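> The structure follows.
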Amino acid sequence: MNRIVKLMRVVVLNRVLALLTEISSPRESITPRGRHQVRSRRQSRVTLLWFALVFLTLNVTASIALSHTRVRDPEYGRRASHLRERIAENPERPLVLVLGSSRTAMGVRVAAWEATRSTDASQSDPLIFNMAIIGSGPVIELMTLRRIYADGFRPAAVVLEYWPPFLHQEDGWTETDRIVRDRLSEHDRHFVREHFPAPEQVEREMDLRRRNPIFGNRERLLMHVLQWWLPPMKRQNHTWTDLDSWGWKAGADLEPGMNSVRTEAHSKCAEIYKPLFAAHKISPLSDRALRESVALARQHGTAIAFSFLPESSEFRRLYPAKMEHAFQSHLGGISRELNIPVINCREWMDDGYLVDGFHLSRAGAAEFSRKFGPAISSTFPDLNGSKAAKVVP
Numbered sequence: 077m078n079r080i081v082k083l084m085r086v087v088v089l090n091r092v093l094a095l096l097t098e099i100s101s102p103r104e105s106i107t108p109r110g111r112h113q114v115r116s117r118r119q120s121r122v123t124l125l126w127f128a129l130v131f132l133t134l135n136v137t138a139s140i141a142l143s144h145t146r147v148r149d150p151e152y153g154r155r156a157s158h159l160r161e162r163i164a165e166n167p168e169r170p171l172v173l174v175l176g177s178s179r180t181a182m183g184v185r186v187a188a189w190e191a192t193r194s195t196d197a198s199q200s201d202p203l204i205f206n207m208a209i210i211g212s213g214p215v216i217e218l219m220t221l222r223r224i225y226a227d228g229f230r231p232a233a234v235v236l237e238y239w240p241p242f243l244h245q246e247d248g249w250t251e252t253d254r255i256v257r258d259r260l261s262e263h264d265r266h267f268v269r270e271h272f273p274a275p276e277q278v279e280r281e282m283d284l285r286r287r288n289p290i291f292g293n294r295e296r297l298l299m300h301v302l303q304w305w306l307p308p309m310k311r312q313n314h315t316w317t318d319l320d321s322w323g324w325k326a327g328a329d330l331e332p333g334m335n336s337v338r339t340e341a342h343s344k345c346a347e348i349y350k351p352l353f354a355a356h357k358i359s360p361l362s363d364r365a366l367r368e369s370v371a372l373a374r375q376h377g378t379a380i381a382f383s384f385l386p387e388s389s390e391f392r393r394l395y396p397a398k399m400e401h402a403f404q405s406h407l408g409g410i411s412r413e414l415n416i417p418v419i420n421c422r423e424w425m426d427d428g429y430l431v432d433g434f435h436l437s438r439a440g441a442a443e444f445s446r447k448f449g450p451a452i453s454s455t456f457p458d459l460n461g462s463k464a465a466k467v468v469p
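For the sequence shown, position 293 (counting from the first letter as 1) is numbered 369 according to the working numbering, and the numbering increases by one without interruption.
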């Protein structure tokens with residue numbers, strides 16, 4: 077329990093004790109009218125006492141609940157819970173975590189790989205798990221990786237999604253703006269100070285939420301118990317609904333092939349991404365976050381690779397030549413400099429499997445993952461039997 081809640085408890089309890097002492101202390105003889113006045117005062121104090129106790133209890137309860145990631149940040153917390161279960165079921169297989177954006181969340185359908193991989197007991201295929209967070213670019217991937225190690229997970233390897241559009245950090249595309257503040261915990265403070273453009277303001281918001289857990293986190297709490305009280309635009313449960321036990325979030329359920337739904341979705345996304353592509357620059361913050369993720373993984377003895385997930389041919393044509401050259405140069409340069417393998421899946425899938433040009437349909441995710449699993453195994457050949465999955469208590 078944090079220091080502020082402890083202080084609140086002390087203050088309120090001291091007041092409660094004072095009221096109890098006053099209520100229980102003997103009184104001198106008084107007139108009937110005086111007795112009525114005393115009784116009224118006592119009733120008021122008892123009411124105040126109960127209010128204080130209820131207020132304290134609710135806030136302490138909320139503070140304790142929010143200390144659990146399944147409540148504070150269900151998108152990450154639910155995946156972490158499922159990951160512990162998969163590790164318990166497969167303790168001898170080396171763990172490979174795949175991090176990325178909604179493209180990874182909806183694209184890496186591990187169950188499809190599990191259904192087709194060899195069951196030969198002599199082969200220790202990697203235990204792949206999807207730890208993607210919607211909206212992730214390099215900065216949120218770094219935050220997620222830091223949380224993973226802080227929570228005791230020790231993967232043998234990590235695969236980070238590399239997607240050029242999310243390397244841009246200007247003109248409304250600042251990645252930290254996609255991090256809802258009530259998802260942040262005390263463990264994220266150092267990350268906030270190092271990577272947010274206005275860390276002091278963010279920390280003040282965090283402190284306010286700690287001082288009054290119920291009011292400060294009301295929307296987060298309502299999403300768990302009374303989500304229909306919130307306006308649709310404030311409901312964030314779409315980020316963690318439809319998660320399977322391997323961390324995959326189900327995308328659009330479209331049959332493979334071209335159709336009007338897909339054509340309309342691509343047209344709308346083209347309107348969004350064309351202005352971004354015209355002004356696209358690889359941010360120093362994105363480059364720094366990628367490098368920090370690599371350093372953090374290696375500090376923990378974790379192998380690491382980049383992945384470039386599928387895009388449709390029509391979406392690839394939206395990239396201006398200048399942007400294409402810039403990111404190809406950056407990806408090639410950083411992978412050579414840091415000796416990072418790249419799993420380039422950009423052209424793996426037919427256009428009919430991509431709903432909007434860059435998100436795989438459910439059928440597309442299954443087809444893709446049956447190829448992606450073996451690609452991960454071949455990228456990290458030394459993992460087999462060398463480092464079993466584990467969680468440090």
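The beta-carbon is built from N, C-alpha and C at its ideal position, and this holds for glycine as well.
All of these numbers come straight from a predicted model, not from anything done at the bench.
Just to check my reading of the structure: residue 346 and residue 394 have Cβ atoms closer than 8 Å, yes? What is that Cβ distance to the nearest angstrom?
Working through the sequence shown from its first residue, we reach residue 346 at position 270. Working through the sequence shown from its first residue, we reach residue 394 at position 318. With 8 Å as the limit, residue 346 and residue 394 qualify as a contact, their Cβ atoms being about 6 Å apart.
> Can you give the Cα-Cα distance for residue 190 and residue 321, rounded to whole angstroms?
Along the sequence shown, one-based indexing puts residue 190 at 114. Along the sequence shown, one-based indexing puts residue 321 at 245. Approximately 12 Å between the Cα atoms of the pair.
> Three Cβ pairs or more, each shorter than 8 Å: is that satisfied between the region 156-170 and the region 440-452?
Short answer: they don't touch.
> What is the C-beta distance between residue 477 and residue 278, in whole angstroms, given that I count them as a contact (C-beta under 8 Å)?
A query on residue 477 cannot be resolved here, the shown segment of the chain reaching from 77 to 469 and no further.
> Considering only residues of the region 156-191, which uninterrupted alpha helix (DSSP H) runs meet the minimum length of 4 residues and lie entirely inside it, listed in chain order?
Here the runs fully enclosed are 178-183.
> How would you write the range of the beta strand (DSSP E) that residue 383 sits in, first residue to last?
For this step, residue 383 is matched to residue 307 along the sequence shown. 379-384 is the span of the beta strand (DSSP E), which, as asked, contains residue 383.
> Give the secondary structure of residue 256 by DSSP, where H, G and I count as helix, E and B as strand, and everything else as coil.
Start at 1 with the first residue of the sequence shown, and residue 256 comes out as number 180. DSSP places residue 256 in coil when its eight states are reduced to three.
> Residue 380 and residue 370 look like a contact to me (Cβ under 8 Å); what is the Cβ gap, rounded to whole Å?
Numbered from its first residue, the sequence shown carries residue 380 at position 304. Numbered from its first residue, the sequence shown carries residue 370 at position 294. About 6 Å; that satisfies the 8 Å criterion.
> Apart from the five residues on each side of it in sequence, which residues of its chain come closer than 6 Å, Cβ to Cβ, to residue 456?
Reading the sequence shown from its first residue, position 380 is the one you call residue 456. So the list reads 233 and 379, once near-sequence residues are dropped.
> Indicate the three-state DSSP secondary structure (helix, strand or coil) for residue 221 in the structure shown.
Taking the sequence shown and counting its residues from 1, one reaches residue 221 at position 145. It is helical.
> Here's the rule: buried if 16 or more other CB atoms are within 10 angstroms of the residue's CB, otherwise exposed. What is residue 284?
Locating residue 284 in the sequence shown gives position 208, counting from the first residue. Classification for residue 284: exposed.
> Going by DSSP, what residues sit across from residue 467 in a beta bridge?
Taking the first residue of the sequence shown as position 1, residue 467 is located at position 391. Paired residues: 229.
> Taking all protein chains shown into account, do 16 or more other C-beta atoms lie within 10 angstroms of the C-beta of residue 415, making it buried, or fewer, making it exposed?
Position 339 of the sequence shown, counting from 1, holds the residue named residue 415. Exposed, since its Cβ has fewer than 16 Cβ neighbours within 10 Å.
> Given 8 Å as the limit, is there contact between the region 236-243 and the region 167-185, that is, 3 or more CB pairs closer than that?
Touching, per the Cβ criterion.
> So, at 7 Å on beta carbons, what are the nonlocal neighbours of residue 435 in its own chain, with the 5 sequence-adjacent residues on each side left out?
The residue labelled residue 435 in the question sits at position 359 within the sequence shown. Correct list, in chain order: 178, 179, 182 and 327.
> Could you give the first and the last residue of the continuous alpha helix (DSSP H) run that contains residue 209?
Position 133 of the sequence shown, counting from 1, holds the residue named residue 209. Run containing residue 209: none; DSSP gives neither H nor E here.
> Cα-Cα, which of 209, 230 and 335 is closest to residue 220?
Here residue 220 corresponds to residue number 144 of the sequence shown, with the count starting at 1. Closest option to residue 220, Cα to Cα, is 209.
> Could you tell me whether the Cβ atoms of residue 175 and residue 217 are closer together than 8 Å?
Along the sequence shown, read from residue 1 onward, the residue named residue 175 stands at position 99. Along the sequence shown, read from residue 1 onward, the residue named residue 217 stands at position 141. Yes, Cβ-Cβ distance for residue 175 and residue 217 is below 8 Å.
> Kindly provide the ranges of any beta strand (DSSP E) runs that are 3 or more residues long and lie completely inside the region 345-413, ordered along the chain.
If we require 3 residues or more, the beta strand (DSSP E) runs fully inside the region 345-413 come out as 379-384.
> What residue does the beta strand (DSSP E) around residue 418 start on, and which one ends it?
Residue mapping note: residue 418 aligns to position 342 of the sequence shown, counting from 1. Start and end: 418-420.
> Can you tell me whether residue 237 is helix, strand or coil according to DSSP?
The sequence position of residue 237 within the sequence shown is 161, counting from 1. Here residue 237 sits in strand by DSSP.
> Let me know the secondary structure DSSP gives residue 330 once reduced to three states.
One-based indexing of the sequence shown puts residue 330 at position 254. Here residue 330 sits in coil by DSSP.
> Spatial neighbours of residue 149 within its chain, please: C-beta separation below 7 Å, excluding the five flanking residues on both sides.
Working through the sequence shown from its first residue, we reach residue 149 at position 73. 259.
> Give me the Cα-Cα distance between residue 276 and residue 269, rounded to the nearest whole angstrom.
Residue mapping note: residue 276 aligns to position 200 of the sequence shown, counting from 1. Residue mapping note: residue 269 aligns to position 193 of the sequence shown, counting from 1. Using only the alpha carbons, I get a separation of about 8 Å.
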